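The numbering used here numbers the first residue of the sequence shown as 16 and each following residue consecutively.
The structure under discussion appears below in the form of structure tokens.
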Amino acid sequence: MNAKNITLKMHITDACANVTPAMLHRVQREVQARVRMCIVADGEKHSYLSRRYEIEEKQIEEEQMNYTVVEHHRFGTKRHFVDVSA
């Protein structure tokens with residue numbers, strides 16, 4: 016291995032070590048959300064369903080005593096999770 020590959024490996028290892036359980040939970044929820052959107056769209060392009068899904072997601076999370084605020088930005092979606100069960 017050359018120095019560049021070793022440095023890259025160190026950066027990847029450090030990044031993996033800094034992943035928190037909360038990060039993994041958010042990723043899991045996002046993947047589940049995208050899979051549900053694909054199922055609803057029956058494999059078709061589903062961007063038109065995103066707003067519908069966000070409303071359903073909010074309802075589901077409120078039922079689980081969590082509230083999600085979804086903000087749309089030019090470069091993507093920003094989500095803030097506020098736990099109201101405490």
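Positions of the beta carbon are idealized from the N, C-alpha and C atoms, including for glycine.
All of these numbers come straight from a predicted model, not from anything done at the bench.
- Judged by DSSP in its simplified three-state form, Val34 adopts coil rather than helix or strand.
- In this structure, the straight-line span from the alpha carbon of Thr28 to that of Val55 is close to 37 Å.
- Distance from the CA atom of Thr35 to the CA atom of Arg44, rounded to whole angstroms, is 15 Å.
- Its chain contains no residue whose beta carbon lies nearer than 7 Å to that of Lys24 once the 5 sequence neighbours on both sides are disregarded.
- A direct Cα-to-Cα measurement between Ala37 and Val46 gives close to 14 Å.
- Here the C-alpha atom of Met16 lies approximately 22 Å from the C-alpha atom of Ala32.
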